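Q: Numbering-wise (the working numbering), the sequence shown opens with residue 1201 and increments by one.
Just so you know, even glycine gets a beta-carbon here, dropped at the ideal spot from N, CA and C.
Note that the coordinates shown come from a computational prediction; the quantities given were computed from them, not determined experimentally.
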Amino acid sequence: MARERQFNDQRMAAALSYKQGFYAPVVVAKGKGIMAEAIIACAKEAGVYVHESPELVTLLMQVNLDEHIPAELYRAVAELLVWIYKMEGKETG
């Protein structure tokens, strides 16, 4: 039980929003431990795909809330968004 709690306390999550007209996605939520669990639960309840990438979330945790992601993350996030759109049967054009 203690190990499980330790793992959960270290879990991280970040949520992005991208709207047409934005030049880049925006970090709309981020947190560790209980906050991360709440972000993930909220996303799942809303039917939002939850992708697990420790490397990407570590980088997104460095971005301030309500700020666009830095140019260094464009490619990784764009590839993820294209993959999600294809999974959902949406056009990526």
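Please state whether DSSP places residue 1276 in a helix, a strand or coil.
A: The sequence position of residue 1276 within the sequence shown is 76, counting from 1. Here residue 1276 sits in helix by DSSP.
Q: Just the Cα atoms here: how many angstroms apart are residue 1285 and residue 1275?
A: Residue mapping note: residue 1285 aligns to position 85 of the sequence shown, counting from 1. Residue mapping note: residue 1275 aligns to position 75 of the sequence shown, counting from 1. Between residue 1285 and residue 1275, the C-alpha separation is close to 15 Å.
Q: What runs of the alpha helix (DSSP H), each 4 residues or longer, lie entirely inside the region 1217-1283?
A: As far as the region 1217-1283 is concerned, its whole alpha helix (DSSP H) runs of at least 4 residues are 1234-1245, 1254-1260.
Q: Buried or exposed for residue 1230, going by 16 or more other Cβ atoms inside 10 Å?
A: On the sequence shown, position 30 is the one that residue 1230 refers to. When all chains shown are included, residue 1230 counts as buried.
Q: Run the CB neighbour count on residue 1265, radius 10 Å, all protein chains shown included, and call it buried at 16 or more, exposed below.
A: For the purposes of this step, residue 1265 is identified with residue 65 of the sequence shown, where counting begins at 1. By the 10 Å Cβ count, residue 1265 comes out exposed.
Q: Can you tell me whether residue 1234 is buried or exposed? The criterion is at least 16 other CB atoms within 10 Å of its CB, across all chains shown.
A: The residue you call residue 1234 lines up with position 34 of the sequence shown. Exposed.
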